[in-house]
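Asks: Could you have a look at this structure, given as structure tokens, before my questions?
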Amino acid sequence: MPTAALADALALAVVAFAGGAFGAALGALPSFTFCGFLVVAGETYKLAGRNIADGAVESVGFVDALAFGPLFGPHVAFGGGAAAAAYLATRDEMPVEGFAYAPAKRVTTGLGTRPDALAVGGAFGVLGHLVATGSAALSLPYDPVAMGVVVSALAHRAVFGYALVGARDGLFDMNRPGAEPWLPYMTRWPNVVAVGLAGGALGGYVAHRTGSVFLAFGLSVAILVFVNAGVARIPVTHHITLPASTAVLAAIPGPLSSLSPADIAATMPLWEAVALGAVFGLLGAVFGELSQRVLYAHADTHLDPPAASIVVTSFVVAMLALAGVLPGSVWVPVP
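All the letters of the sequence shown, read from the start, carry residue numbers 13 to 347 under my numbering.
The following block contains the structure:
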């Protein structure tokens, strides 16, 4: 590796360490919510630039560099925050007041400036960064960022002595106290289907009208500010809106950067975008619920069900693109 490239790689690793420490200090979920605001801001900026004649406003890679990059990306900040919580829980130092689940699952709580917590967050931030960049470099057919979140969570379970899955009997039993369902108000199958179809239709609509693959995702994540604030029964939908928007734009021939909303509308009618979005939103919701039942509800730390779901749905998009069913895969890498 050339000297300059090596120096840049080391610098990014240092940034990822800082990003993981940021996630530990702020808390895993608050840091992810911040990522959502960055996505909304970046996608809005990009859309503004696309609509100004002669390219007067140019993209600066805002979303890729910041929201999904080595500083604020969920594979770095969220993963680092979740790992730091798992570490402190092994020392019985996670706050438990008002929290009925295993202490390591309390990802809404910031951990402040404890050097050991920041160091753990930083180390797992670097791990998430390496997983994501390695996956992207190899063009592995899934979302590199989501895979970074999942691998980081499995790693912190292994490193700190937690079971990788948890109970091996009754994985699909969501009754308390034997299970700790991720979102009890979303775990019944009729609820899963309803939020999947509705959120998917929303994601398909936003993609069709704006040409943005990440705007609906960013809005879904930004709404998590209400979850952080303790507002009850807020649906979590980013694993639903993202595959919906992705599928709609993957079904449009041609490079996304050159397509205006008018081009998209001329290629795909609105009803088709909404229907396709609903189908992929339902897939995202179902895979999210399956993930939480297998990887979260019977375990003792936070392995993010939406991230696991996005790994699966992005893989589905990549496979459909490779098979020629979809003209492209938009942002999902393909070999």
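Glycine included, each C-beta is placed from N, C-alpha and C at the ideal position.
None of the values given here were measured: they were computed from a predicted structure.
From V362 to I235, what does the alpha carbon distance come to, in whole angstroms?
Replies: This structure leaves residue 362 out entirely; the chain is present only between 13 and 347.
Asks: If the criterion is Cβ atoms closer than 9 Å, does the pair L78 and A97 meet it?
Replies: It is not a contact, given that the beta carbons lie outside the stated cut-off.
Asks: Determine whether the beta carbon atoms of F226 and G73 lie at a separation below 9 Å.
Replies: No.
Asks: Whose C-beta lies closer than 6 Å to the C-beta of L315 among residues of the same chain, with five residues either side of it excluded?
Replies: Counting only Cβ-Cβ distances below 6 Å, and skipping sequence neighbours, we find A165, L307 and Y308.
Asks: By Cβ distance, which residues of its chain are closer than 6 Å to P247, with the 5 residues on each side in sequence left out?
Replies: Closer than 6 Å at Cβ, skipping near neighbours: V207.
Asks: Could you check whether G216 and A112 sit closer than 9 Å to each other, using their CB atoms as the reference points?
Replies: Contact: no.
Asks: If contacts are defined as beta-carbon pairs under 8 Å, then G134 and A19 qualify, I think. What distance do you get, rounded to the angstrom?
Replies: Actually they are not in contact, since the Cβ atoms of G134 and A19 sit about 19 Å apart, beyond 8 Å.
Asks: Please give the ranges of any alpha helix (DSSP H) in the stretch 312-341, keeping only runs that are unbroken, at least 4 residues long and fully inside the region.
Replies: Entirely contained in the stretch 312-341, the alpha helix (DSSP H) runs reaching 4 residues are, in chain order, 317-334.
Asks: Hey, how far is the Cα of T145 from the Cα of V27?
Replies: Going from the Cα of T145 to the Cα of V27 covers about 13 Å.
Asks: Is it buried or exposed for S257, if we count other Cβ within 10 angstroms and need 16 for buried?
Replies: S257 comes out buried.
Asks: Can you tell me whether DSSP reads N240 as helix, strand or coil?
Replies: In this structure, N240 counts as helix in the three-state DSSP scheme.
Asks: Just to confirm the assignment, what range does the alpha helix (DSSP H) spanning E284 have?
Replies: First-last of the alpha helix (DSSP H) with E284: L282 to L307.
Asks: Select from A278, L209 and R221 the residue whose C-alpha is nearest the C-alpha of L298.
Replies: Here residue 298 is Val; the residue named in the question, Leu, does not match the sequence. Answer by Cα proximity: L209.
Asks: Measuring straight from C-alpha to C-alpha, what distance separates T199 and P193?
Replies: Cα to Cα, T199 sits roughly 7 Å from P193.
Asks: State the Cα-Cα distance for the pair F136 and A101, rounded to the nearest angstrom.
Replies: One C-alpha to the other measures close to 16 Å.
Asks: Run through DSSP, which three-state label would L41 get?
Replies: Correct three-state label for L41: helix.
Asks: Is V26 helix, strand or coil by DSSP?
Replies: Of the three classes helix, strand and coil, the one that applies to V26 here is helix, per DSSP.
Asks: Please confirm if G122 has its CB atom under 9 Å from at least one CB of chain C.
Replies: You won't find chain C in this structure, because it holds only one protein chain.
Asks: Counting only the same chain and skipping the five closest in sequence on each side, list residues whose C-beta sits under 6 Å from that of P156.
Replies: Once the five neighbours on either side are set aside, the close Cβ partners of P156 are A144, S147 and A148.
Asks: Could you tell me whether the stretch 82-97 touches the stretch 260-274, where touching means 3 or more Cβ pairs closer than 8 Å?
Replies: No, they do not touch.
Asks: As a quick exercise: from L288, V177 and M186, pick the residue whose alpha carbon is nearest that of A219.
Replies: Of L288, V177 and M186, the residue nearest in Cα terms is L288.
Asks: Give the straight-line distance between the Cα atoms of G340 and A262, rounded to the nearest whole angstrom.
Replies: Their Cα atoms are separated by approximately 5 Å.
Asks: Run through DSSP, which three-state label would Y174 get?
Replies: Y174: coil per DSSP, three-state reduction.
Asks: Look at the alpha carbon of V346 and the alpha carbon of A335, and state the distance between them as a whole number of angstroms.
Replies: Their backbone Cα atoms lie some 11 Å apart in a straight line.
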